[in-house]
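Asker:
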Amino acid sequence: MKTSKLIAALAALTVAAGTAAFAQVQGEHYKMSETHRVPAIQDTETPAQRDARMAWWREARFGMFIHWGLYSIPAGTWNGKQIPGIGEWIMNTASIPVADYKALAKQFNPTAYSAHDIVALAKSAGMKYIVITSKHHDGFAMFDSKADPFNIVDATPYHRDPIRELAEECRKQGIKLGFYYSQDQDWTAPGGAAYKTGNHDRPNHHWDPAQDGNFADYLHKKAIPQLKELLTNYGDFPAVIWFDTPTADMTPELAGEIVALLNQHPNLIWNNRLGGGYKGDTETPEQFIPARGYPGRDWEACMTINDTWGYKSYDLNFKSTQTLLRNLIDISSKGGNYLLNIGPDSKGNVPPAEVERLQQMGQWLAVNGEAIYGTQATLFGDEAGSFSTTEKDKNGKPKFIPKWDWRSTTAPDKIYVELFTWPKGSFHLDSVPRNVTGAYLLADKSHAPLKVTKSGSGIDVALPGHALDPIATVLVLTTN
Ligand code: H79
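Our numbering puts the first residue of the sequence shown at 101, with every later residue one more than the last.
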């Protein structure tokens, strides 16, 4: 290596703080290990700067994921056959040729789309931010793009930018907006990556020669220019960039080019799916809630409301409001955020079953939101369940057996206990790491005091005969 380059690398290292190992300079060679050639904001900022950058996101706890694109037209059916799996994957799962898939754009005219109504829905659900698919793996840009003509303004009769409209409504209605962008997989751009499904045995698991090309060229011609557009054309948004499905094609060098771009937006939050060795700001468990969260790390569980992200006309397997609320409470009690998905149809309508559930969640949050927003993880922990000493999960690790009696969230001077099952007579805690000064039910407007009896380091709180809410009644313990 040339000396000048080595000096530059070492200079970069001095600002790349954190967990990364130091470079080992051995003659002409050095090992970057986990250290990044282009330091990311997480490598260079102070803990106080990080806390300030993450503050709104940590308080938010509940966000709306929106998967919306051309895949909402076939809606899970291709050539008369129902295609299994998640709806936004239909091009890959059904091996649809690039030209046939791209032709869907001519039919895309979502005249029922209302940015106002979607933002109002998120707000009525108690959600504090929205993340929308600006481009999914199919490569179709749901925004006005000069960088690539396969976009909603240029390639469809709609000729409008729904993301611009959403950004304006989010500003008006006071909610944050983030952009999902599939930076690595792109099934319609030459050189874009594709995960393997079925018998896709061509190089890079492509199923149409039109997909073949060079990944770095794809990044330079499409993904990076489009990320620039997204980062500069929407005012103070995006608040979040949500990357997805990194592959080995995303080398540290290429990812570094994207990081250099992200670094120009010092308030931006981005997730752990860029690739190239970057960890980003957030862990993103998909379709599961980790047993104990990720202590010391910001995290967000993204989950579907039925079994698909992109709209599928015949997926009616909607989770109950009870399940959705339990998930939100469970996640909050482990210090994470819940990014709950909706999948609008090809006209832009949000399925009524999704609207109904979100509104019911919002009704609970309107009463009990104090126990969720801005709270910290539980001071207890075992209430979430425990690892089996005999049963193994599919990875051969001890299986987690959840319990669903209660969860707890924490404020500086309060402990919240979200009761799913209503105890007879009183609620007991073996041990409380704080001094409890009083108790009441959050849904009781008068905050009538409940009798607290101390027993050693534990307490008993006398409860009325019935729960105030069939899904979760919040018991508040005031503490000092
Ligand atoms: O955008 C949503 C998904 O489309 C995306 N991430 C969320 C937020 C995602 N892309 N890939 N994956 C999630 C995981 C890959 C799953 C796979 Fe499969 C299993 C790819 C091939 C086998 C699921 C089943 C998709 C095709 C068959």
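Don't be surprised by glycine CBs; every beta carbon is placed ideally from N, CA and C.
Can you list the beta strand (DSSP E) stretches of 3 or more residues lying completely in the segment 485 to 509, in chain order?
Answerer: 485 to 492 and 498 to 502
Asker: Would you give the residue range spanned by the alpha helix (DSSP H) that G462 belongs to?
Answerer: Start at 1 with the first residue of the sequence shown, and residue 462 comes out as number 362. It spans P452 to N468 - the alpha helix (DSSP H) in which G462 sits, taken as one unbroken run.
Asker: Mind checking K202: buried by the 16 CB within 10 Å criterion, or exposed?
Answerer: In the sequence shown, counting from the first residue as 1, residue 202 sits at position 102. Buried, since its Cβ has 16 or more Cβ neighbours within 10 Å.
Asker: When you compare the CB positions of D349 and D284, do they come within less than 8 angstroms of one another, or not?
Answerer: One-based indexing of the sequence shown puts residue 349 at position 249. One-based indexing of the sequence shown puts residue 284 at position 184. For D349 and D284, yes; Cβs fall inside 8 angstroms.
Asker: Is the Cβ-Cβ distance between V517 and W504 less than 8 angstroms?
Answerer: Here the question's residue 517 lines up with position 417 in the sequence shown. Here the question's residue 504 lines up with position 404 in the sequence shown. It is not a contact, given that the beta carbons lie outside the stated cut-off.
Asker: Compute the distance between the beta-carbons of S393 and A477, then report whether it is under 8 angstroms.
Answerer: Locating residue 393 in the sequence shown gives position 293, where the first residue counts as 1. Locating residue 477 in the sequence shown gives position 377, where the first residue counts as 1. The amino acid at residue 393 is misidentified as Ser; the sequence shows Gly. It is a contact, given that the beta carbons lie within the stated cut-off.
Asker: Measuring CB to CB, does A247 end up less than 8 angstroms from Q326?
Answerer: Counting from 1 along the sequence shown, the entry for residue 247 is found at position 147. Counting from 1 along the sequence shown, the entry for residue 326 is found at position 226. In contact: A247 and Q326 (Cβ atoms closer than 8 angstroms).
Asker: Given 7 angstroms as the limit, tell me if W189 has its C-beta closer than that to any heavy atom belonging to the ligand HEM.
Answerer: With respect to small molecules bound, the structure shown includes the ligand H79 and not the ligand HEM.
Asker: Would you decide whether S546 is buried or exposed? Buried here means 16 or more other CB atoms lie within 10 Å of its CB.
Answerer: As a first step, residue 546 must be located in the sequence shown, where it is residue number 446. S546 comes out exposed.
Asker: Please classify K412 as buried or exposed, where buried requires at least 16 other C-beta atoms within 10 Å of its C-beta.
Answerer: Counting from 1 along the sequence shown, the entry for residue 412 is found at position 312. By the 10 Å Cβ count, K412 comes out buried.
Asker: Let me check understanding here. Comparing Cα to Cα, which of R534, K497 and W157 lies closest to K514?
Answerer: Against the sequence shown, residue 514 aligns to sequence position 414. Nearest option by C-alpha distance: R534.
Asker: Could you check whether Y229 and I263 sit closer than 8 angstroms to each other, using their CB atoms as the reference points?
Answerer: Locating residue 263 in the sequence shown gives position 163, where the first residue counts as 1. Locating residue 229 in the sequence shown gives position 129, where the first residue counts as 1. Not closer than 8 angstroms, so no.
Asker: To which residues of the same chain is P523 closer than 7 angstroms at the C-beta, ignoring the five residues directly before and after it?
Answerer: Residue numbering aside, residue 523 sits at position 423 when the sequence shown is read from its first letter. Answer for P523: L563, listed in chain order.
Asker: For a quick check, are the C-beta atoms of N192 and T297 less than 8 angstroms apart?
Answerer: Locating residue 192 in the sequence shown gives position 92, where the first residue counts as 1. Locating residue 297 in the sequence shown gives position 197, where the first residue counts as 1. The answer is yes: Cβ separation under 8 angstroms.
Asker: For a test of your reading of the model: does the CB of G185 fall under 7 angstroms from any non-hydrogen atom of the ligand H79? Yes or no.
Answerer: To locate residue 185, count along the sequence shown from 1; it is residue 85. Correct: G185 has its Cβ closer than 7 angstroms to the ligand H79.
Asker: Rounded to a whole number of angstroms, what is the C-alpha to C-alpha distance between Q182 and G176?
Answerer: Position 82 of the sequence shown, counted from the start, is the residue given in the question as residue 182. Position 76 of the sequence shown, counted from the start, is the residue given in the question as residue 176. Whole-angstrom Cα-Cα distance: 6 angstroms.
Asker: In whole angstroms, give me the CA-to-CA distance for V455 and G356.
Answerer: Here residue 455 is taken as the residue at index 355 of the sequence shown, counted from 1. Here residue 356 is taken as the residue at index 256 of the sequence shown, counted from 1. Their backbone Cα atoms lie some 40 angstroms apart in a straight line.
Asker: Would you tell me roughly how many angstroms separate the C-alpha atoms of D254 and S234, rounded to the nearest one?
Answerer: Along the sequence shown, read from residue 1 onward, the residue named residue 254 stands at position 154. Along the sequence shown, read from residue 1 onward, the residue named residue 234 stands at position 134. Rounded to the nearest whole angstrom, the CA to CA distance from D254 to S234 is 15 angstroms.
Asker: Note down, in chain order, each residue of its chain lying with its Cβ closer than 8 angstroms to the Cβ of Y438, except the 5 sequence neighbours on either side.
Answerer: Locating residue 438 in the sequence shown gives position 338, where the first residue counts as 1. If we look at Y438 and ignore the five residues flanking it on each side, its Cβ neighbours are R161, F162, G163, E400, A401, M403, N427, L428, I431 and S432.
Asker: So what's D530 in DSSP terms, helix, strand or just coil?
Answerer: To locate residue 530, count along the sequence shown from 1; it is residue 430. If DSSP states are grouped into helix, strand and coil, D530 belongs with coil.
Asker: Under the rule that 16 or more other beta-carbon atoms within 10 Å means buried, what is F487, buried or exposed?
Answerer: Counting from 1 along the sequence shown, the entry for residue 487 is found at position 387. Counting Cβ neighbours within 10 Å, F487 comes out exposed, since fewer than 16 surround it.
Asker: Would you say the beta carbon of Y295 is closer than 7 angstroms to some non-hydrogen atom of the ligand H79?
Answerer: In the sequence shown, counting from the first residue as 1, residue 295 sits at position 195. True, at least one ligand heavy atom lies under 7 angstroms from that Cβ.
Asker: Quick check on A531: buried or exposed, where buried means 16 or more other Cβ atoms within 10 Å of its Cβ?
Answerer: Residue mapping note: residue 531 aligns to position 431 of the sequence shown, counting from 1. The sequence shown places Ser at residue 531, not Ala. Exposed.
Asker: Are the segment 445 to 464 and the segment 145 to 152 touching, with three or more C-beta to C-beta distances below 8 angstroms?
Answerer: no
Asker: Do you know how far the Cα of T332 is from the Cα of R271?
Answerer: As a position in the sequence shown, residue 271 is number 171, starting the count at 1. As a position in the sequence shown, residue 332 is number 232, starting the count at 1. C-alpha separation (whole angstroms): 16 angstroms.
Asker: Please report the residue range of the alpha helix (DSSP H) in which K223 lies.
Answerer: The residue labelled residue 223 in the question sits at position 123 within the sequence shown. Looking at the DSSP string, the run of the alpha helix (DSSP H) that includes K223 is A215 to S224.
Asker: Buried or exposed, going by whether 16 or more other CB atoms sit within 10 Å of the CB of K322?
Answerer: Position 222 of the sequence shown, counted from the start, is the residue given in the question as residue 322. Buried, since its Cβ has 16 or more Cβ neighbours within 10 Å.
Asker: Would V138 and V340 be called neighbours here (beta carbons separated by less than 8 angstroms)?
Answerer: As a first step, residue 138 is located in the sequence shown; it is residue number 38 there, counting from the start. As a first step, residue 340 is located in the sequence shown; it is residue number 240 there, counting from the start. It is not a contact, given that the beta carbons lie outside the stated cut-off.
Asker: Just how far apart, CA to CA, sit A543 and Y281?
Answerer: Looking up residue 543 in the sequence shown gives position 443. Looking up residue 281 in the sequence shown gives position 181. One C-alpha to the other measures close to 40 angstroms.
Asker: Would you say the beta carbon of H300 comes nearer than 7 angstroms to a heavy atom of the ligand H79?
Answerer: The residue labelled residue 300 in the question sits at position 200 within the sequence shown. No.
Asker: Here's the rule: buried if 16 or more other CB atoms are within 10 angstroms of the residue's CB, otherwise exposed. What is A548?
Answerer: Position 448 of the sequence shown, counting from 1, holds the residue named residue 548. Counting Cβ neighbours within 10 Å, A548 comes out exposed, since fewer than 16 surround it.
Asker: Report whether the distance from the Cβ of T345 to the nearest heavy atom of the ligand H79 is below 7 angstroms.
Answerer: Here residue 345 is taken as the residue at index 245 of the sequence shown, counted from 1. Answer for T345: yes, Cβ within range of the ligand H79.
Asker: Measure the alpha-carbon distance for W287 versus D301 and round it to whole angstroms.
Answerer: Position 187 of the sequence shown, counted from the start, is the residue given in the question as residue 287. Position 201 of the sequence shown, counted from the start, is the residue given in the question as residue 301. Going from the Cα of W287 to the Cα of D301 covers about 15 angstroms.
Asker: What residue from T211, I232, N209 and P210 has the CA that sits closest to V219's CA?
Answerer: Here residue 219 corresponds to residue number 119 of the sequence shown, with the count starting at 1. Nearest option by C-alpha distance: I232.
Asker: N371 and F343: beta carbons closer than 8 angstroms?
Answerer: By 1-based counting over the sequence shown, the position of residue 371 is 271. By 1-based counting over the sequence shown, the position of residue 343 is 243. In contact: N371 and F343 (Cβ atoms closer than 8 angstroms).
Asker: Going by DSSP, what residues sit across from G525 in a beta bridge?
Answerer: Here residue 525 corresponds to residue number 425 of the sequence shown, with the count starting at 1. Per DSSP, G525 has no beta bridge partner at all.
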